[in-house]
Ligand SMILES: Nc1ncnc2c1ncn2[C@@H]1O[C@H](COP(=O)(O)OP(=O)(O)OP(=O)(O)O)[C@@H](O)[C@H]1O
Ligand SMILES: [Mg+2]
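Residue numbers (this note's numbering), protein chains in the order written: chain A, 112 to 372; chain B, 39 to 295.
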């Protein structure tokens, strides 16, 4: 479905993607794991064409997104849906209009059918009855579910999720996790999830990619990752502070720095 | 030491030039994109309502009192030379040439400019621009173009309205209150105001319409993606827009006269 070939992305001196190669299978849930600043969001932005890599290629359904002009890229985007970390609902539109927005912009569907579609999507995320509320009247977890309803309103082939569960209580986390799996199983939607929540990750993932400061340090099925003997992977999935992955980013010796700077 | 100062100066100049360039491209592409399908008439009407209709009252009050003040001031200055009859000319020319376009633009900046910066800044920090991108909608065309076009449409109209009300205010004070001859007020005014004056006023108000929407949109777009960043950008947008209006007014005046 999506194939990444040797992409590099640098921000000043930070290398956010360092020659990455990976593959996201059709109809599978792939979770991108990694600590803060490991380049997860950066990878996601390149997968969607929101950002161009400095070099390398991103094949979406066989076409290289990095070579497309805006019109072609927008065509490809109609096959994608995305749930943003902060939901990114339009604050000047109510819930109904937020979800109906892509339909109104890209289709000539009649109002009564739009209403049926929006109601169905809201039912899927369990929020029927909130149509007339404004986004500011919803809780964070509810906003995420509305964001998800909006992401799937055009029936995309792929849905991207940026930290769909961060900042949510355990029940909402479970609800979102179940939604991701349901969508994947019933509609066969390819799902790409950025997360640092290891527990819920193992529940929903078919495949897992672990990033560490711009590098892929492990990649494989959920089973393979769980049983990995790689010390860095073990440290990461067990959340141990001590190990081969240093907590500090800098190479400078701590004592040197406080004594001689 | 001198070298360092020169380097810092050079760097900050380069930065500024770069920002100017970026904002120039921002303006041009927002106008350019407005000429392509789909034409978002509904978005444009919304923006015209926000920038234009909602500014009517504030422009009305400003214009009325400006006209009235010039009426009083003008009357006492002119009567020293026994030239009260020229009051209409004085009120009309000062309003049509200068005060109408400038004051109107400053009021719209305070009312709508700051709101535009805040709105766009908030859209930015809540990822609404990439969200539009992901829905295959060009944020530039969807959000910015209608604002700039609305500014170009609204400012000349608001300014014309300001001019009328202002001249009416001068008439109230001069003719009704202080007893200037009505025929003189209106007759001399009509013969003295030339097409060039009106043309100049329109040109100014058009330029200010672009300035207001351009600067306030760009400041929101370029704001640092934090809440403080947006509130700082909002204040800066008002200050920079207001100063630009006064500077551009001087430049245009010197070119026109
Ligand atoms: N627009 C940008 N400009 C400059 N640096 C950036 C930008 N975006 C990301 N970075 C840098 O790239 C690195 C990776 O950032 P990224 O946002 O991809 O991390 P992340 O894995 O999503 O982290 P988090 O879990 O905190 O969201 C970070 O060091 C970050 O500072
Ligand atoms: Mg991130």
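Where a beta carbon is used, it is the ideal one built from N, C-alpha and C, also for glycine.
Rounded C-alpha distance that separates residue i from residue j
{"i": "residue 239(A)", "j": "residue 262(A)", "result": "16 Å"}
{"i": "residue 273(B)", "j": "residue 152(B)", "result": "7 Å"}
{"i": "residue 168(A)", "j": "residue 134(A)", "result": "12 Å"}
{"i": "residue 254(A)", "j": "residue 286(B)", "result": "45 Å"}
{"i": "residue 101(B)", "j": "residue 266(B)", "result": "35 Å"}
{"i": "residue 211(A)", "j": "residue 118(A)", "result": "35 Å"}
{"i": "residue 174(B)", "j": "residue 209(A)", "result": "15 Å"}
{"i": "residue 169(B)", "j": "residue 86(B)", "result": "25 Å"}
{"i": "residue 71(B)", "j": "residue 246(B)", "result": "21 Å"}
{"i": "residue 330(A)", "j": "residue 132(A)", "result": "10 Å"}
{"i": "residue 324(A)", "j": "residue 129(A)", "result": "8 Å"}
{"i": "residue 278(B)", "j": "residue 257(B)", "result": "10 Å"}
{"i": "residue 138(B)", "j": "residue 231(B)", "result": "14 Å"}
{"i": "residue 271(B)", "j": "residue 258(A)", "result": "28 Å"}
{"i": "residue 233(B)", "j": "residue 178(A)", "result": "53 Å"}
{"i": "residue 148(B)", "j": "residue 256(A)", "result": "38 Å"}
{"i": "residue 171(A)", "j": "residue 112(A)", "result": "6 Å"}
{"i": "residue 298(A)", "j": "residue 138(A)", "result": "9 Å"}
{"i": "residue 346(A)", "j": "residue 174(A)", "result": "37 Å"}
{"i": "residue 189(A)", "j": "residue 266(A)", "result": "9 Å"}
{"i": "residue 220(B)", "j": "residue 213(B)", "result": "6 Å"}
{"i": "residue 272(A)", "j": "residue 59(B)", "result": "35 Å"}
{"i": "residue 160(A)", "j": "residue 143(B)", "result": "40 Å"}
{"i": "residue 252(B)", "j": "residue 163(B)", "result": "20 Å"}
{"i": "residue 194(B)", "j": "residue 94(B)", "result": "13 Å"}
Interface residues of chain C facing residue i [CB-CB closer than 8 Å]
{"i": "residue 188(A)", "result": "Absent from the structure is chain C; the protein chains it does hold are A and B."}
Near ligand 2: residue i beta-carbon under 7 Å from a heavy atom
{"i": "residue 120(A)", "result": "no"}
{"i": "residue 152(A)", "result": "yes"}
{"i": "residue 273(A)", "result": "yes"}
Residue i Cβ short of 7 Å to ligand 1 heavy atom set
{"i": "residue 307(A)", "result": "yes"}
{"i": "residue 198(A)", "result": "no"}
{"i": "residue 382(A)", "result": "The first residue shown for chain A is 112 and the last is 372, placing residue 382(A) beyond what the model contains."}
{"i": "residue 149(A)", "result": "yes"}
{"i": "residue 145(A)", "result": "yes"}
Problem set entry | Segments of 4+ residues assigned as alpha helix (DSSP H) that fall wholly inside the region 136-183 of chain B | Listed in chain order, the complete alpha helix (DSSP H) runs (minimum 4 residues) inside the region 136-183 of chain B are 138-146, 152-163, 166-172.
Exercise. Which residues, in chain order, does the region 140-165 of chain B contribute to contact with chain A at a C-beta distance below 9 Å?
Worked result: Flagged, chain order: 157, 160, 161, 163, 164, 165.
Problem set entry | 4-residue-minimum alpha helix (DSSP H) runs that sit fully inside the region 255-305 of chain A, ordered along the chain | Those alpha helix (DSSP H) runs which fall completely within the region 255-305 of chain A and span 4+ residues are 281-298.
Exercise. Which of the residues in the region 319-330 of chain A, read from start to end, lie with their CB under 7 Å from any CB of chain B?
Worked result: Here the close residues number zero.
Exercise. Which residues, taken in chain order from the region 185-215 of chain A, show a beta carbon closer than 9 Å to some beta carbon of chain B?
Worked result: Result list: 185, 186, 187, 188, 189, 191, 192, 193, 195, 196, 197, 198, 199, 200, 201, 202, 203, 212, 213.
Exercise. In chain order, what residues of the region 149-168 of chain A put their CB closer than 9 Å to some CB of chain B?
Worked result: Within the region 149-168 of chain A, the qualifying residues are 156, 159, 160, 161.
For this session: Pull out every residue of the region 301-315 of chain A whose Cβ sits closer than 9 Å to any Cβ of chain B, in chain order.
Result: Result list empty, no residue passes.
For this session: Could you tell me which uninterrupted alpha helix (DSSP H) segments, each at least 4 residues in length, are contained entirely in the region 215-243 of chain A, listed from first to last along the chain?
Result: Entirely contained in the region 215-243 of chain A, the alpha helix (DSSP H) runs reaching 4 residues are, in chain order, 222-235.
For this session: May I ask you to list, following chain order, the residues of the region 122-144 of chain A that have a beta carbon less than 9 Å from some beta carbon of chain B?
Result: Listed in sequence order: no entries.
Exercise. Fully enclosed by the region 176-249 of chain B, which beta strand (DSSP E) runs are 3 residues long or longer?
Worked result: You should have found no qualifying run.
For this session: Write down every uninterrupted run of the beta strand (DSSP E) in the region 49-90 of chain B whose length is 3 residues or greater and which is fully enclosed by it, in chain order.
Result: Runs of the beta strand (DSSP E) inside the region 49-90 of chain B: none found.
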